[in-house]
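First the structure, in the form of structure tokens, and then the observations on it.
Number of protein chains: 2
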Amino acid sequence: MKEIDKSKALKVPRELLSFLKKEDKFLIATHINPEADAIGSSIALSMALETLGKKTILYDKDNIPDFYHFLPGYKKFKNSIPPKISRQSPVVLLDCNSLERAGIEGLNFRHSAVIDHHKTEGFYGDIRWIKPEAAATGIMIFYLLKKLGIKITKDIAINLYSAIAVDTGTFRYSNTSAEVLRVSAELIDAGANASYVSKHLYEIWSEKRFALFISTLNTLEIRDYIAMTFVTREMFKKTGTGPADTENFSSFPRMMKDIKISAFFREVSNNYWKVSLRSRGNIDVARIAKLFEGGGHKNASGYKIKSNLESAKKSLIKAVRSYM
Amino acid sequence: MKEIDKSKALKVPRELLSFLKKEDKFLIATHINPEADAIGSSIALSMALETLGKKTILYDKDNIPDFYHFLPGYKKFKNSIPPKISRQSPVVLLDCNSLERAGIEGLNFRHSAVIDHHKTEGFYGDIRWIKPEAAATGIMIFYLLKKLGIKITKDIAINLYSAIAVDTGTFRYSNTSAEVLRVSAELIDAGANASYVSKHLYEIWSEKRFALFISTLNTLEIRDYIAMTFVTREMFKKTGTGPADTENFSSFPRMMKDIKISAFFREVSNNYWKVSLRSRGNIDVARIAKLFEGGGHKNASGYKIKSNLESAKKSLIKAVRSYM
Numbered sequence: 000m001k002e003i004d005k006s007k008a009l010k011v012p013r014e015l016l017s018f019l020k021k022e023d024k025f026l027i028a029t030h031i032n033p034e035a036d037a038i039g040s041s042i043a044l045s046m047a048l049e050t051l052g053k054k055t056i057l058y059d060k061d062n063i064p065d066f067y068h069f070l071p072g073y074k075k076f077k078n079s080i081p082p083k084i085s086r087q088s089p090v091v092l093l094d095c096n097s098l099e100r101a102g103i104e105g106l107n108f109r110h111s112a113v114i115d116h117h118k119t120e121g122f123y124g125d126i127r128w129i130k131p132e133a134a135a136t137g138i139m140i141f142y143l144l145k146k147l148g149i150k151i152t153k154d155i156a157i158n159l160y161s162a163i164a165v166d167t168g169t170f171r172y173s174n175t176s177a178e179v180l181r182v183s184a185e186l187i188d189a190g191a192n193a194s195y196v197s198k199h200l201y202e203i204w205s206e207k208r209f210a211l212f213i214s215t216l217n218t219l220e221i222r223d224y225i226a227m228t229f230v231t232r233e234m235f236k237k238t239g240t241g242p243a244d245t246e247n248f249s250s251f252p253r254m255m256k257d258i259k260i261s262a263f264f265r266e267v268s269n270n271y272w273k274v275s276l277r278s279r280g281n282i283d284v285a286r287i288a289k290l291f292e293g294g295g296h297k298n299a300s301g302y303k304i305k306s307n308l309e310s311a312k313k314s315l316i317k318a319v320r321s322y323m
Numbered sequence: 000m001k002e003i004d005k006s007k008a009l010k011v012p013r014e015l016l017s018f019l020k021k022e023d024k025f026l027i028a029t030h031i032n033p034e035a036d037a038i039g040s041s042i043a044l045s046m047a048l049e050t051l052g053k054k055t056i057l058y059d060k061d062n063i064p065d066f067y068h069f070l071p072g073y074k075k076f077k078n079s080i081p082p083k084i085s086r087q088s089p090v091v092l093l094d095c096n097s098l099e100r101a102g103i104e105g106l107n108f109r110h111s112a113v114i115d116h117h118k119t120e121g122f123y124g125d126i127r128w129i130k131p132e133a134a135a136t137g138i139m140i141f142y143l144l145k146k147l148g149i150k151i152t153k154d155i156a157i158n159l160y161s162a163i164a165v166d167t168g169t170f171r172y173s174n175t176s177a178e179v180l181r182v183s184a185e186l187i188d189a190g191a192n193a194s195y196v197s198k199h200l201y202e203i204w205s206e207k208r209f210a211l212f213i214s215t216l217n218t219l220e221i222r223d224y225i226a227m228t229f230v231t232r233e234m235f236k237k238t239g240t241g242p243a244d245t246e247n248f249s250s251f252p253r254m255m256k257d258i259k260i261s262a263f264f265r266e267v268s269n270n271y272w273k274v275s276l277r278s279r280g281n282i283d284v285a286r287i288a289k290l291f292e293g294g295g296h297k298n299a300s301g302y303k304i305k306s307n308l309e310s311a312k313k314s315l316i317k318a319v320r321s322y323m
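Which chain is which? The protein sequence lines are A and B, in order. The first sequence begins at 0 in numbering that gives the first Met the number 0 and counts up by one. The second sequence begins at 0 in numbering that gives the first Met the number 0 and counts up by one.
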């Protein structure tokens, strides 16, 4: 059976490798509201660098959501940065490419590296390895560890497999290439378990969360092939849930074949909504989010808007119309 | 990157290879209520044999469901068998291992081969290649075509990829091995498209069906760790849907981590219900269905019951209690 085509394997920048080899201590920071690619990639890099005798501090401004506590090593994450750290240690930004996205815009690091698969128009980072063609930052970390000659342990494998699983919709999105499957196969060889990961990603809802999900589906309204659902603070209160429980809610209405976009509105505060967009494929929702100063990928993006719900819906519909 | 471990590749019986090479015309039959593994494996084998200059007749007693019409070549299926065919041609049974399961128990073939990954207690077939360790019959056909030296065309690849995708829950079930991912990677190389297949498998719901789904979720009641939902004939009427639209509804409540069983009650006629059970893993729901003269697998089973809804629920709860 065919090996991975080496010409397709991601090339790791030499300066990144020598930077990681040279320094002794790193701050590894990832984006706010972290998901499995952010968390898994960061833990995997941290574990790998520690086998090389390095010290790492893992930072996320937000807490790791409960449902990601199955990721081995999630406890390594701190949500505060020791003072003076920015003078002592260089930073590695993972799965994001600006200090703002990591919620540490005030800090000034003596050296910095960025490893990310998101498109960017920013310029942060002394060393920048940004590959929008990678399905997940986890794929980039996989190649990086290979290049550093680090053995992929079971714990690293579970973290990277989960990172890739979430960012490809467990191999359902269009970024699922033969390469993605082959990398994932190696991670299974190294100890990741597909059904264990899937169960923890998809079958760990609390009853409260499921109740919120049903309430949210009841808000479904379809206009202009846009399936719109929402959740209010009142609904959180009624079901005893919170924003983290809405993870992935925006994906479900995509099951409908005649829908172009699924839009999920979450009430942050009075007349202030966070909007998650999911595309069925043809519409680049990152471009739509950008109209509202948001961002994301072609198939998944988001933005925030100050207005009442009906106006927020109308402005989205208008934006989609102008796009078409 | 590592090649497929040849020791793990399925060995194709030599007698099966020579049988397929020797004969000129085959009846390929698969099981009633066919799903993607049955359909995709059959089409792939038919296309492959035809490149060798053979003739094939594809048979399924039931029609190919609409949502599988994206599989290239599905129109090759007939649901009648030309008279005398059993005297003229040998049969290849795919994804099942008895004539009963294919709905052709009356026929007598001069020669027969069985290719299946289901466990069996039967003995049908002059040549029997039965591999319960294979995640899908599609995997077996993949190795068979390799062994026959047949090029995997794009159409064959889409059929086999879909077969594997459905039987592994698109790589979420415990049968998802590194091998499964590597075979699937080769099928992508050959022209299968992961997101195209997933879209057709999971994102083809009508708006009506989604409305019925929401109504069904609104009936959720949890007692004794059993998540119970139902659909009435009235609900079908209101949403303009029918029984086929409830396919897979019973799976969703399984997302809840504290649930042991998901039970979905569908009203067939007055005081007559069809019950679908899905287990989260530990309870053998086939055993519970059997108490009501139903059947199925460990994780998915069903039965019918004559009673009103409340009594049907109560008798299920009682049966589960007596099981524990």
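Here a beta-carbon is modelled for each residue, glycine too, at the ideal position from N, C-alpha and C. Since we're looking at a predicted model, the values are computed, not measured.
- For the region 192-224 of chain A, the residues whose beta carbon sits under 9 Å from a beta carbon of chain B are, in order, Asn192, Ala193, Ser194, Tyr195, Val196, Ser197, Lys198, Leu200, Tyr201, Glu202, Ile203, Trp204, Ser205, Glu206, Arg208, Phe209, Ala210, Phe212, Ile213, Leu216, Asn217, Leu219, Ile221.
- Judged by their CB atoms, Val196 (chain A) and Ala164 (chain A) are nearer to each other than the 7 Å cut-off.
- Here the alpha carbons of Asn270 (chain B) and Leu308 (chain B) stand approximately 7 Å from one another.
- DSSP places Leu98 (chain B) in the coil class of the three-state scheme, outside both helix and strand.
- Using a Cβ distance threshold of 7 Å, Phe248 (chain A) and Thr215 (chain A) count as a contacting pair.
- Only those residues of the region 255-287 of chain A whose C-beta falls short of 9 Å from the nearest C-beta of chain B are listed: Met255, Lys256, Asp257, Ile258, Arg279, Gly280.
- Taken in chain order, the complete beta strand (DSSP E) segments of 3 or more residues contained in the region 83-168 of chain A are 90-93, 111-115, 126-129.
- Take Asn32 (chain A), set aside five residues on each side of it, and the residues of its chain with a beta-carbon closer than 7 Å to its own are Asp61, in chain order.
- In terms of Cα proximity to Gly148 (chain B), the closest of B:Thr29, B:Ile287, B:Lys313, B:Leu16 is B:Leu16.
- A:Ser111 is the residue among A:Glu99, A:Phe69, A:Ser111, A:Gly72 whose C-alpha sits nearest the C-alpha of Ser85 (chain A).
- With contacts defined by Cβ atoms closer than 7 Å, Val90 (chain B) and Phe108 (chain B) form a contacting pair.
- Cβ proximity to chain A below 7 Å picks out nothing from the region 222-248 of chain B.
- If you ignore the 5 residues before and after Val319 (chain B), its C-beta comes within less than 8 Å of the C-beta of Asp223, Ile225, Lys259, Ile260, Ile282, Ile287, all in its own chain and listed in chain order.
- For the region 167-192 of chain B, the set of residues with a beta-carbon nearer than 7 Å to any beta-carbon of chain A comprises Thr169, Phe170, Arg171, Tyr172, Ser173, Thr175, Ser176, Ala177, Leu180, Arg181, Ser183, Ala184, Glu185, Ile187, Asp188, in chain order.
- Taking the CA atoms as reference points, Gly239 (chain A) sits about 21 Å from Leu219 (chain A).
- A straight line joining the alpha-carbon of Lys312 (chain A) with that of Ser306 (chain A) spans about 10 Å.
- Distance check between Leu315 (chain B) and each of B:Leu290, B:Gly295, B:Tyr58 places B:Leu290 closest, using alpha-carbon atoms only.
- Check the Cα spacing between Gly102 (chain A) and each of A:Ile27, A:Thr175, A:Ala133: the tightest is with A:Ile27.
- Pairing Ala133 (chain B) with His116 (chain B), the inter-Cα distance amounts to about 6 Å.
- Comparing alpha carbon positions, the residue from A:Arg277, A:Thr228, A:Met227, A:Glu233 closest to Ser250 (chain A) is A:Arg277.
- Distance from the Cα of Ser310 (chain B) is smallest, within the candidate group B:Tyr322, B:Val274, B:Asn174, B:Gly301, for B:Val274.
- Apart from sequence neighbours up to five positions away, the residues of its chain that approach Gly124 (chain A) with a beta-carbon distance below 8 Å are Leu92, Asn96, Ser111, Ala112, Val113, ordered along the chain.
- Distance from the Cα of Ala8 (chain B) is smallest, within the candidate group B:Arg171, B:Glu206, B:Leu143, B:Lys150, for B:Leu143.
- Chain order gives the chain B residues near Arg253 (chain A) as Glu202, where near means a beta carbon separation below 8 Å.
- With at least 16 other beta carbons inside 10 angstroms of its own, Thr245 (chain B) counts as buried.
- By the criterion of a C-beta distance shorter than 6 Å, Gly190 (chain B) is surrounded in its chain by Lys153, Ala156, once the five residues flanking it on both sides are discounted.
- In the displayed model, Ser300 (chain B) falls within a strand according to three-state DSSP.
- The alpha carbon of Lys75 (chain A) has as its nearest neighbour, out of A:Glu104, A:Ser45, A:Gln87, the alpha carbon of A:Ser45.
- Using a Cβ distance threshold of 7 Å, Ala37 (chain A) and Thr50 (chain A) do not count as a contacting pair.
- Counting along the chain, the unbroken beta strand (DSSP E) around Ala28 (chain B) starts and ends at 24-29.
- In the structure shown, Tyr224 (chain A) adopts coil according to DSSP, grouped into three states.
- For Pro71 (chain A), the closest alpha carbon among the candidates A:Gly39, A:Ile56, A:Phe122 is that of A:Gly39.
- Asp59 (chain A) counts as buried, since at least 16 other C-beta atoms from the protein chains shown sit within 10 angstroms of its C-beta.
- The shortest C-alpha to C-alpha distance from Glu202 (chain A) to any of B:Met255, B:Ser176, B:Ser183 is the one to B:Met255.
- Bridge pairing for Ile260 (chain A): A:Ile225, A:Ser278 [DSSP].
- Contact between Lys130 (chain B) and Met139 (chain B) holds: CB atoms are separated by about 6 Å, below the 8 Å threshold.
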